[in-house]
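Residue numbers (this note's numbering), protein chains in the order written: chain A, 1 to 399; chain B, 1001 to 1320.
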C-alpha cells in the first residue's frame, strides 16, 4: 500500500511535469524523425542500397537490352525503364530534382549504325557523388564494350566460319574468377552498416532512456528542499520503499519509451518516406536489453540526484553528462563512421553498450546469446551505481 | 522527575547528546526533558540552539548516536524507546515542519491521499480522517486545487492537516505560523487549541512569544544544545520577587550605582529589573525609586513577561 502510494505520487508528479514529458517522449521522437530522414541518403550509400537509374532505350534492340542487363547485374544500380514509369515531368527535370541518380539514354540506332560513336548517354543528378558516377560510367563502358565486341565478332564470323562458337568474352560467372578479393577485415561487417532508421531509432531511444535523470533527480531534490523528505522520514516507511517507489515508475516509463520509439520506427518513419525499422526476431533479447538499459539509466539518474544540491545542478549535470555519453557512445555520430581508435573509445559509454545490443537484434539477427554481454554490463553498472547512490544518500542524511 | 502540576510525561528524554560529524560543537549536550501528556509544550530557543535536532531525534528523522559514554541516554515516547520501537513511536507522532512539506504540483486532496497511504490508514477510516483534517484546517474550498496556488496561510494549514492524518498522540509543530497574516495565524492558533482540547500532546516551537504564552502550558528554553529552563508556564510567569520598572528617561550611571547599594538590579537600557530579597518589600523599593527621582513610566509586579524570561535565560546575545 505504501509502495503503491509512492508510485502513484511519482506518476502524478511526472504527469504534471510538462517539460519532463516533452523530454522523455517528444524529444526522442523528433530526433528519430529528423535524423532518420535527414541522414537517409548518406546511410543508403554506406549500406549499399541501390541507386535509381532512369533508362530511356531508344534503340530497344537485343544488343541494347543485353547491355542494360549487364549494367543491371551490378547490384548498386536499380535500372528503371522510363516507359514503365509515370513521371509526370520530364526525365531531365526529375534528374535535376535529384529524384534519380542518373538518366541513361541509348540513342536510336546506337549499335545498328556503325557511325554512331556513343552508344549511351549519361545525365548525372546534382547530388550524385563523383565516385558513384565513375563507378556507374565504368560499369556502363564495360557493358557497352562487351556488346560492341560481340557485334565485331559476329561480323568476323560472317567472313570466317571457323570462328563459329568462338567468344571473346568469358562465360557468365567466369569473369568473377578473374579477380580474387580478400578483406583486411571481417567481410561480414560489410553487411552490418545500419540503415538510417536502424541507427537512429535505437540511438535516440537509448539517449532518451537516460534522460529519466532529469525528472527523477528533480523530484528527489525538490523533496529534499521542500522538507517533504523530512516529513516522510518521520513516517514508518522503510527506506527501500522510498527508493523502489521512485525507481519502479521510471522503469515502466523507460519501457513505454522503448515501445513508443519502436512504433515510430516501424510506422511513422516509413510514412514520412524513410525506411521501415526491422525489429529482428528476438523478443526476449529486446526485453533483456530494454530492462538492462533501464536499470543502468536509473542507477545513473540516482547518482546525479544524490550528488546534486539543486535542480539546476541536476539538470546541468544530468543533461551535459547524457550529451557527452551520447557523443562518445556513437549516438550522435554513428560509430562506423568514426576512426578506429574512436570506435574503440565508444565502449567507454554505457549508451554504446545499449546501442550495440539493439543493433545486434535489429541488424544482425541476434538474440539472447548475442546480447547478454551488453545486457550484463548494463545490469552490473546499474546495480553498482544504485548501491553507490544509496550509500551516498545514507551519508547525506547522517550529516 | 514529574513536573509540578502536570500529568504523567508522554516524552522523557534522559542525558541525550548529539554531535554532527561536520560540526565542532555538540548540537545537543546532556538534554533532560519531560513533556507531560496532553500538554502544549513550548520549546523556545534562538536559531541554532538545537531545537530542530531535538525534534529530529524525537520524531526519528535522526537516529540516536551510539557512544560508550552515552549508554544512559534514552528517549522514551509513550512507553516506547528509540531506536528499538522507532516504528511504533513514528506511528503515534506527527511532525509539522517549518517548511511547506508537501508537493506543490499535487492538489490538497492528492497530498492528503499520498500521506494517508504512507500512514497506512485503513480504507474504512480514510474518508473520516481526511474529513476531520480538512475541517480542522479549513481546507474545504481549496482541496481540489494545486497546492502551488494556495496562499501562505492555506499552505500552512495544509502542512498541519498532513501531520494530523494518522491521529497522532503527540504533534510537533515547528514554527507553524511563521510568515502569515494575522487572520491565518488566529485560525491556526484556534485549530491548535481545538487539538489540545481533544487531548493531543503538542510540542510547539515559535519565535512569537505572545503565541507561546497564549497556548502553551509548559515551557522549555534551550540554547547551545542545553536545556536552560523547564517549568510550567503559570509558574514561570508568576513572579513576586522581581519588579520591572520602565523609566521615562534612561537611567544615569550614578543612579544605577545608588540602587545597586540596596538592591540586586539588572538594567537593559530600557527596563530596570529589581530583585526583592528577604526583608525587602515592594514599598521599600518604590520609596527608593522615588527618593532617587526616577520618573516611572510603567511598573510590572507579580508577573513576568515571557519575552523577559527568554531574554534573561539566553543572555540577550545576538546570534548570527
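Ideal Cβ positions, reconstructed from N, Cα and C, are used throughout, including at glycine.
Annotation: Cβ neighbours of residue 232/A in chain B (cutoff 8 angstroms, chain order): 1118. In the three-state reduction of the DSSP assignment, residue 159/A falls in the helix class.
Interface annotation, residue 1139/B: not in contact with chain A, CB-CB separation never under 7 angstroms.
Less than 7 angstroms separates the beta-carbon of residue 254/A from that of residue 294/A.
Linking residue 1149/B to residue 1202/B through their CA atoms gives a straight-line distance of about 29 angstroms. Bounds of the alpha helix (DSSP H) holding residue 1184/B are 1182-1197. One thing to note: residue 214/A has its Cβ within 7 angstroms of the Cβ of residue 318/A.
For residue 1106/B, a Cβ of chain A is located within less than 7 angstroms of the residue's own Cβ. Here residue 1007/B is exposed. Its C-beta has fewer than 16 other C-beta atoms within 10 Å. In chain order, 1097, 1098, 1099, 1100 and 1101 make up the part of chain B whose C-beta sits under 8 angstroms from the C-beta of residue 227/A. Contact between residue 203/A and residue 301/A does not hold, since the beta-carbon distance rounds to 19 angstroms and is not under 8 angstroms. According to the DSSP assignment, residue 1273/B belongs to the beta strand (DSSP E) that extends over 1272-1275.
For residue 215/A, none of the residues of chain B pass the 8 angstroms Cβ criterion, the least Cβ distance being about 11 angstroms. For residue 1196/B, not one C-beta of chain A is nearer than 7 angstroms to its own C-beta.
Proximity of the segment 1155-1170 of chain B to the segment 1135-1144 of chain B meets the contact definition, three or more beta-carbon pairs being nearer than 8 angstroms.
For residue 237/A, at least one C-beta of chain B is nearer than 7 angstroms to its own C-beta. Within the same chain, Cβ atoms closer than 7 angstroms to the Cβ of residue 365/A are found at 280 and 281, the five residues on either side in sequence being excluded. Two segments are said to touch when three or more pairs of C-beta atoms, one from each, lie closer than 8 angstroms; by this definition the segment 25-34 of chain A touches the segment 257-269 of chain A. Within chain B, the residues placing a beta-carbon under 7 angstroms from that of residue 5/A are 1114, 1117 and 1118, ordered along the chain. Chain B places a beta carbon closer than 7 angstroms to that of residue 9/A, counting this residue as a contact. Residues of chain B with a Cβ closer than 7 angstroms to the Cβ of residue 1/A are, in chain order, 1117 and 1120. Around residue 357/A, the same chain offers 289, 371, 374 and 375 as residues with beta carbons nearer than 7 angstroms, after the five sequence neighbours per side are excluded. As a beta-bridge residue in DSSP terms, residue 1040/B pairs with 1202/B. Closest by C-alpha distance to residue 1166/B, out of 1207/B, 1221/B and 1090/B, is 1090/B. Annotation for residue 76/A: no beta strand (DSSP E) segment contains it, and DSSP assigns it neither H nor E. Across the structure, residue 39/A and residue 381/A are spaced so that their CA atoms are roughly 32 angstroms apart. Fully enclosed beta strand (DSSP E) runs of no fewer than 3 residues occupy 1218-1223, 1226-1232 and 1238-1247 of the segment 1205-1254 of chain B, in order along the chain. If you draw a straight line from the Cα of residue 1164/B to the Cα of residue 1082/B, it is about 22 angstroms long. Around the CB of residue 73/A, fewer than 16 other CB atoms lie within 10 Å, so the residue is classed as exposed. Taking all protein chains in view, the Cβ of residue 395/A is surrounded by fewer than 16 other Cβ atoms within 10 Å, so the residue is classified as exposed.
Assigned with DSSP and collapsed to three states, residue 69/A falls in helix.
Of the residues 1306/B, 1099/B and 1064/B, the one whose Cα lies closest to the Cα of residue 1209/B is 1306/B.
A check of alpha carbon separations from residue 251/A across 227/A, 51/A and 292/A identifies 292/A as the nearest. The beta carbon of residue 1019/B is closer than 6 angstroms to those of 1026 in its chain, skipping five residues each way along the sequence. Distance check between residue 391/A and each of 198/A, 306/A, 359/A and 343/A places 306/A closest, using alpha-carbon atoms only.
Sorting 1249/B, 1272/B and 1268/B by C-alpha distance to the C-alpha of residue 1259/B places 1272/B at the top.
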